[in-house]
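Everything on this sheet refers to the single structure shown next.
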Amino acid sequence: MALDLSKVGNRDRLKAQREPHWQRLRAGCFLGFRPSKRGGKGTWIARVYDEDAGKYQVKSLGDFGTLPGNEMFAAAKREAEKLAELVESGGKIRAKMETVADACREYADDRPEAAKRFQRYVYDDAIAKVKLDKLRRRHVREWRDRMEAQPALVSRRKKGNPVKRDRAPSTVNRDMAVLRAALSKVLSPGAPNSEAAWQEALKAIPNADGRRTLYLDRTQRRKLIDNTDAEAAPFVHALCLLPLRPGAMAALTAGNFDKRTAELTIGKDKTGKPRRIQLPQEAAQLLANQAKGKLPAAPLFMRANGKAWDKNTWKKPINAAVAAADLPANTTAYTLRHSTITDLVSAGLPLLTIAQISGTSAEMIERHYGHLASDAAVKALGELAL
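In my numbering, the protein residues as written are -16 to 369.
This is the structure we're talking about:
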C-alpha cells in the first residue's frame, strides 16, 4: 500500500530512520519525511530525477515547524514541485554548504583528482566538521600539521608492510592547493595576521617545486623500448610517443581510439575533463594495432591477464628495462612524459597546443618549459640570419 504522508497520524506512526519515508508525487518526483529521533517535528525532503545528469537530485526542505501539522504536507509538496520544475528546466541545485567538508565536496564535484585528495586528508579529519563561518587560522594550521606528519605511500607490496617515506614539500603544496582552492570559492580571505586569516596557514612552501629534470633523448627512449619485455613494450612505446600521464594512458580503452580519423579521446585524467587529440602516424598505427580485435570497453594496453596497467604493475618492467639499457636509475614512467613534452617545446610547437595535448595548463607548460621555448625562438632567429 502506498504511503500517504498527508495524514498526521500516518507520519506519527513512522519509524525514525536515516533513510526518509518516501511518497511518490509523480514520475521522477518524490516527497520524503524523516521523523525526529528526539521528538521534534521531523524533516521533509524532496527527490527529483535529473535526466541530464542521470541521477536523483535531493534537497532538504526543513521541518515547516511554524505551520500546523495538517498544513505541513501541502507546503512541502509545493516546494518539492518547485524543485522538480527547476531540475526539469535544466537548473542545478546548489548543495547547502555549512562545513569545510561541504565546500570540498562542492569543489570536487567535477574534479576527480581533488576528490581523491579530500578523501585521503580532509573528510576523515577534524577540520571536515568545522563550520565555514567559524573557520580560523588555528584550525587550518592544525590540519596542515597533521597532513604533513602523514608519510607518503611509495608502493604497496603483496607481502610485508607498505613502503612509505616522509612527505615531500612539493607533495604538501599540492595537497594544500586543492583545499585552498575549495575554501576560496566560498570564503573571503581573513584580515592578515589575525585568527580569521585562515588562508595564511595554507601558504605554499617556497622552492618546493618537485620539477622532474631528467630527460631521455630519442635514442635513449628507443633503447628503453627495445629492452622492455613484450608484454609492457606497447605501453612504454606509447608513453614515448604521446605526452600523456601514465595513469591516463593506462586507463584508455579500445573505444577511445577512432582508427578512421586517427583521433584519441582521453577521459580519465587529472583534469577530469575528456579531451580529443589528433595522433601522428606512428602513434596512430601503434594504437590501431592495440585496439585490433578488442571490444570497445577493453583496455587498449592490456596485460597478459586481461587487466589494464597501473602504477604498481608498470614499475617492475620499466625498472628492469632501465637497468638493461643502462639508463639513469631514476628513470620512471613520468620521465617519458617530461621528455616528450620537452621535445615538443624544443620543436617550436605553441605552448597552448602542447598544454591541450598533454592535459595541463599553458601556465604550467610556461613555468616548467618556457626556457626551452625561448631557446627554440633564438635558434629560429639564428637560422634566419644572412
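Each residue gets a CB set at the ideal place from its N, CA and C atoms; glycine is no exception. Small disclaimer: the values here were computed from a predicted structure and weren't measured.
Inset, instruction - Just mark LYS114 as buried or exposed, buried being the case when its beta carbon has 16 or more other beta carbons within 10 Å. - result: exposed
Legend entry - Own chain partners of GLU349 with C-beta closer than 7 Å, once the 5 adjacent residues on each side are dropped: LEU334
Legend entry - Nearest neighbour of PRO300, chosen from ASN288, THR211, ASN239 [CA to CA]: THR211
Legend entry - Distance, ALA213 Cα to CYS223 Cα: For the pair CYS223 and ALA213, the Cα-to-Cα distance works out to about 16 Å.
Inset, instruction - Have a look at GLU89, SER329, PRO189 and flag the residue whose alpha-carbon is nearest the alpha-carbon of MET80. - result: Checking every option, the nearest Cα to that of MET80 belongs to GLU89.
Inset, instruction - Determine the burial state of LEU278: buried for a count of at least 16 other Cβ atoms within 10 Å of its Cβ, exposed for fewer. - result: Exposed is the call here.
Inset, instruction - Return the CA-CA distance between ALA245 and LYS117, expressed in angstroms with no decimal places. - result: 54 Å
Legend entry - Proximal residues to ASN313 (C-beta, below 8 Å), its chain only, five neighbours per side dropped: LEU197
Inset, instruction - Kindly indicate the opening and closing residues of the alpha helix (DSSP H) around GLN182. - result: Run containing GLN182: none; DSSP gives neither H nor E here.
Legend entry - Buried versus exposed, by CB contacts within 10 Å (16 or more), SER341: Label assigned to SER341: buried.
Inset, instruction - Taking GLY230 and LYS294 to be in contact with their CB atoms under 8 Å, please state how far apart those CB atoms are, rounded to whole angstroms. - result: So it is a contact: roughly 7 Å between Cβ atoms.
Inset, instruction - Measure the CB-CB distance between LYS235 and LEU283 and report whether it falls below 8 Å. - result: Going by the sequence as given, residue 235 is Leu instead of Lys. In terms of Cβ geometry, LEU235 and LEU283 form a close pair [threshold 8 Å].
Legend entry - Contact under 8 Å by Cβ, ASP108 with TRP126: yes
Legend entry - Residue burial classification, VAL(-9) (beta-carbon count within 10 angstroms, cutoff 16): exposed
Inset, instruction - May I ask you to list the residues that DSSP assigns as paired with GLU246? - result: ASP241, GLN261
Legend entry - Collapsed DSSP secondary structure at LEU115 in the structure displayed: helix
Legend entry - Nearest to THR82 (by Cα), restricted to the options LEU269, LEU166, ALA233, ILE208: Among LEU269, LEU166, ALA233, ILE208, the Cα nearest to that of THR82 belongs to LEU166.
Legend entry - First and last residue of the uninterrupted beta strand (DSSP E) at THR26: 26 to 33
Inset, instruction - Tell whether a beta-carbon distance below 8 Å holds between VAL105 and LEU162. - result: yes
Inset, instruction - Quick one: measure Cβ to Cβ for ARG30 and GLY15, integer angstroms, because I've assumed they're closer than 8 Å. - result: 6 Å
Legend entry - Nearest-angstrom beta carbon gap, ARG119 and TRP181 [assumed within contact, 8 Å]: 6 Å
Inset, instruction - Could you round the C-beta distance between LEU247 and LEU270 to whole angstroms and report it? I think they count as a contact, below 8 Å. - result: 7 Å
Legend entry - GLN393 versus VAL155 - alpha carbon distance: This structure does not reach residue 393, given that the chain is present from -16 up to 369, and the question cannot be answered.
Inset, instruction - May I ask you to report which of helix, strand or coil DSSP gives PHE101? - result: helix
Legend entry - Residues near GLN40 in its chain [Cβ-Cβ closer than 7 Å; skip 5 each side]: Cβ neighbours of GLN40 beyond the five flanking positions: VAL31, ASP33, VAL70, ILE76.
Inset, instruction - Along the alpha helix (DSSP H) that carries VAL161, what are the first and last residues, could you check? - result: 152 to 167
Legend entry - ARG7 - containing beta strand (DSSP E), residue span: 4 to 9
Legend entry - THR314 in three-state terms, based on DSSP: coil
Legend entry - Whole-angstrom distance between ALA221 and ALA266, CA atom to CA atom: 7 Å
Inset, instruction - Give the C-beta separation of GLN0 and ASP(-13) to the nearest angstrom, bearing in mind that I take them to be a contact with Cβ-Cβ under 8 Å. - result: Going by Cβ atoms, the distance from GLN0 to ASP(-13) rounds to 18 Å, so no, they are not a contact pair.
Legend entry - Residues of its chain near ALA187, where Cβ-Cβ distance is below 6 Å and the 5 sequence neighbours each way are ignored: Non-local beta-carbon contacts of ALA187 in its own chain, meaning distances under 6 Å to residues more than five positions away in sequence, involve ASN156 in chain order.
Inset, instruction - Could you check the C-alpha separation between GLN189 and ILE110 for me, to the nearest Å? - result: It should be pointed out that residue 189 corresponds to Pro in this sequence rather than to Gln. C-alpha separation (whole angstroms): 25 Å.
Inset, instruction - To the nearest angstrom, report how far apart ALA233 and ALA160 are at their CA atoms. - result: Here the C-alpha atom of ALA233 lies approximately 26 Å from the C-alpha atom of ALA160.
Legend entry - Residue span of the beta strand (DSSP E) that contains SER43, given as start and end: Its beta strand (DSSP E) spans residues 38 to 45.
Inset, instruction - Output the boundary residues of the alpha helix (DSSP H) element that contains ARG205. - result: 201 to 209
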